[in-house]
Amino acid sequence: MEMHNNHGKPSEEVGLSSSDNDTIINLNHINKICIRDSMILNCKHIFRTDGLRSDIELINDLLFGIVNLDRDMLKKKILPRISRRQMGEELYNDICNWLDKEGSILIVKYLPYLSIACNMTFYQCNVRNHRDHDRIFVPVDQNHDIANAIYYMCDRSGQNIIAICITDHSYINHIHNKLLLSTDKNVNDKVELYNILISEYIKQAKSLQFHQHLLLLSKWQYIYKCYKAKMQLTRDLTPIDLLGYCQCLIMLSKYSEAENLILNVLLRINQTDETWHLLVKAQRKCKNYSNTRKEKEKHEMYLSAIESISKALKQNEDNTEVKNERTIINKLIERASREETFPEHDIRYRRHIDNCSSYNILSIDGGGIRGIMAAIWLRELERKTKRTCSSMFQMMAGTSTGAIIAAGLSVPDKYNRTIPAHNASELVELYKTRGKDIFIKKSRTFCNYHRSSFSLAPKYSSNGKRNLFEHYFGQTLLSECLTDIVIPIVRSADTYTHLFTRNDSLYSTSLVDVLMATTAAPTYFKPHILYGTNHIDGGVQMNNPTMAAYTKAIEYGYEKENIFVLSLGTGDYIEDPLVANDHPDIIYYLRNRNILVKVLLDSQQHNVDYQMSILMNDEHYYRWQVWFEELIQLDKYETDIVNKLENIAYEYWEEMEIYDNNRLNRLIERLRFE
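The sequence shown begins at 2 in my numbering and counts up by one.
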């Protein structure tokens with residue numbers, strides 16, 4: 002193993018010395034470490050080298066006893082790796098004396114040998130100021146394996162170690178390693194290790210913000226796995242265990258399971274306001290959407306949650322989380338009592354949009370009927386800002402159903418080519434009333450019935466969606482859109498995703514043709530022939546077009562600092578893992594076809610979200626996405642499904658207003674006045 006330091010380069014940023022009182026204050030207030038220039042991790046177990054513990058004791062405590070070093074183990078691991086001839090007599094004897102010395106303190110020159118013994122690498126850190134986190138540790142060597150890293154801080158001389166630490170990431174990694182080394186007999190030890198993991202992951206989850214969807218999801222998935230593993234080891238679960246497990250179920254959108262567990266088990270042993278709060282969240286999400294248009298029906302739909310709120314506030318009238326839930330429910334009920342009215346948009350903004358300093362991008366995922374949620378969010382934005390989307394965004398990108406929305410919001414009016422033909426409210430109505438016109442099943446003869454039953458033949462005729470597109474878009478060309486436009490489509494002749502844009506001078510393509518192609522989802526619709534080539538849904542390769550839109554903006558010459566992105570998802574479902582199969586056959590793949598396809602599509606859209614969050618800061622990249630309790634297929638246009646999607650969209654909007662640290666209001670102000 003190696004040691005990375007900065008000898009000969011005193012850390013002037015630090016200004017530390019082992020006898021400096023300010024050092025103690027500074028170290029006690031530093032709890033973050035910056036990796037690879039942008040990744041901020043939490044420090045875990047910052048130990049000062051105060052001379053009260055030996056080097057071995059410090060390492061053992063730091064690594065949670067995973068290696069349990071002693072002097073004999075040091076000799077056994079280090080002596081075979083060193084040579085008197087290569088090192089020289091003096092250095093060799095020095096190391097041997099150190100190995101024999103009980104109670105030796107941690108010294109820089111011996112770190113490479115401790116590294117061999119504990120299978121870790123030591124990295125020296127400096128202390129620097131950070132704009133968001135005050136003072137933080139910064140490793141001298143930024144490119145390293147954080148899972149096996151120990152960080153140390155020196156005084157001005159660069160020789161005397163004053164503190165060592167690991168990250169919470171590394172700490173968790175060590176606990177997982179200890180679990181792997183535990184035998185089946187050590188049940189109590191394993192349970193305790195799972196308790197530690199659950200506690201650490203919950204801390205990490207709570208440190209994240211509402212909008213950090215994927216990171217939050219991953220943390221709660223880890224917590225869920227730990228609870229499941231713990232429950233296989235013991236049935237002796239405490240009320241705190243059950244409370245945490247129910248919270249985990251809710252965060253993973255398993256609302257019905259959480260509600261049943263709270264009602265039938267947890268409330269019998271733990272009627273605290275925290276328990277009632279979790280029940281409120283579960284009940285708010287578990288609703289019947291078959292007929293929920295009127296205020297009275299909305300109130301009845303939330304009646305169970307309202308009763309639970311009352312019981313929670315009797316336990317603790319100051320519970321802010323419960324009050325937030327009450328606010329969300331009241332707003333949803335009030336929304337049903339008023340008829341949606343939208344003011345006239347100020348069309349003057351369209352004239353100035355091209356002169357804005359900021360280049361705003363709207364990106365919308367594919368997802369069939371689930372696109373209604375994106376349309377609803379955009380309707381709310383238009384209502385709040387009193388501006389059309391084409392006056393707020395210079396570029397719109399969309400895949401499949403997202404392309405319908407992007408095109409619908411940027412197609413010019415028939416009589417006034419400087420204003421949009423449609424607003425977001427009209428597109429919401431399209432999804433609510435015209436879904437059945439898109440998904441028209443093909444008439445089947447006896448022969449093609451049997452052929453389609455055992456093949457991937459399309460379920461629907463393309464005539465319905467063509468008629469719909471011609472009604473909304475007429476003969477408008479892609480080049481006539483009011484904004485820059487990016488629509489991904491897969492061509493059979495290419496191995497990459499083709500992007501149709503407003504600036505594509507090769508073709509004068511009609512919007513109808515582009516939309517016919519990008520909505521030609523395999524197994525749902527036949528490929529669309531354009532310029533003699535089969536074209537299919539861009540979602541096969543690029544269901545989330547955000548990165549493509551961002552890349553185009555850079556290609557058009559816009560500076561990264563001036564680009565703003567709003568990326569809208571169309572909902573996702575957390576699939577239970579596939580049952581492992583060492584020898585999967587064709588039947589296995591056919592049986593799990595939908596899950597496997599979903600995994601492929603999810604990987605792309607989640608990777609794009611992660612990449613964009615790294616590329617852009619929080620104030621320049623917004624991603625809105627929800628997770629369903631049950632999978633909603635893209636062709637389910639029935640009234641109860643549409644009502645459900647509509648309600649989920651409004652719930653998410655209200656949750657953003659309550660929980661997302663005022664980001665929604667900042668977005669509205671940005672779009673309203675730029």
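Using N, Cα and C, we set each Cβ at its ideal position, and we do this for glycine too.
- The beta carbon of VAL188 sits closer than 6 Å to those of LEU234, all from its chain and outside the five residues before and after it, given in chain order.
- Between the region 419-431 and the region 366-386, the count of C-beta pairs closer than 8 Å reaches three or more; the two stretches touch.
- With distances taken between CA atoms, GLU560 lies nearest to ASN361 out of ASN361, LEU244, CYS119.
- Between VAL643 and TYR432, the gap from beta carbon to beta carbon is short of 8 Å.
- A contact is defined here as three or more CB-CB pairs under 8 Å, and the region 525-535 fails this definition with respect to the region 478-487.
- For ASN666, the enclosing alpha helix (DSSP H) starts and ends at 664-674.
- Within the region 351-402, the runs of alpha helix (DSSP H) that reach at least 4 residues and sit entirely inside it are, in chain order, 372-386, 390-393.
- By the neighbour-count definition (other C-beta atoms within 10 Å, threshold 16), ASP190 is an exposed residue.
- For LYS553, the secondary structure class from DSSP, reduced to helix, strand or coil, is helix.
- Here DSSP, grouped into helix, strand and coil, assigns PRO113 to helix.
- Of the residues assessed, TYR195 falls on the buried side of the cut-off, its CB having 16 or more other CB atoms within 10 angstroms.
- If you compare the alpha carbons of ASN174, PHE211, LYS33 with that of GLU656, the shortest gap goes to PHE211.
- Considering only ALA313, LYS312, MET396, the residue with the shortest C-alpha distance to ALA549 is MET396.
- Counting only the Cα atoms, MET40 lies some 12 Å from HIS134.
- With the rule of 3 Cβ pairs closer than 8 Å, the region 490-500 counts as touching the region 539-553.
- When the Cα atoms are used, VAL192 and ILE251 turn out to be separated by approximately 23 Å.
- For LYS229, the number of other beta carbons within 10 angstroms of its own is below 16, and it is reported as exposed.
- Cβ contact annotation for ARG673 (same chain, cutoff 8 Å, sequence separation greater than five): LYS385, THR386, LYS387, ARG388, in chain order.
- The DSSP-derived three-state label of MET154 is strand.
- Contact between the region 116-128 and the region 145-155 is present, with at least three C-beta pairs closer than 8 Å.
- Counted as a single uninterrupted DSSP element, the beta strand (DSSP E) harbouring TYR124 occupies residues 122-131.
- Here the alpha carbons of ARG72 and LEU100 stand approximately 6 Å from one another.
- Distance between ASN261 and ASN178, taken at the CA atoms: about 35 Å.
- A distance below 7 Å between beta-carbons, with the five flanking residues on each side excluded, links ASP366 to the following residues of its chain, in chain order: THR400, GLY403, ASN544, ASN545, LEU569, GLY570, THR571, GLN606.
- Under the three-state reduction of DSSP, PRO413 is assigned to strand.
- In the displayed model, ARG72 falls within a helix according to three-state DSSP.
- By the Cβ neighbour-count rule, PRO81 is exposed, with fewer than 16 other Cβ atoms within 10 Å of its own.
- In its chain, beyond the 5 residues on either side, TYR622 have a beta carbon closer than 7 Å to the beta carbon of SER614.
- A straight-line Cα-Cα distance of about 57 Å links ASP505 and HIS46.
- Contact between the region 143-153 and the region 196-204 is not established, with fewer than three Cβ pairs separated by less than 8 Å.
- Here THR484 has SER391, PHE394, GLN395, MET396, MET397, SER411 as same chain residues with Cβ atoms under 7 Å from its own Cβ, once five neighbours each way along the sequence are excluded.
- ILE241: not part of any beta strand (DSSP E); member of the alpha helix (DSSP H) spanning 240-252, first to last residue.
- Counting only residues of its own chain and dropping the five nearest sequence neighbours on each side, GLN476 has a CB closer than 7 Å to the CB of SER511.
- Straight across, the Cα-Cα distance linking GLU556 with ARG624 is about 22 Å.
- Looking at the DSSP output, LYS255 shares a beta bridge with no other residue.
- Burial of ILE370 is indicated by the presence of at least 16 other C-beta atoms within 10 angstroms of its C-beta.
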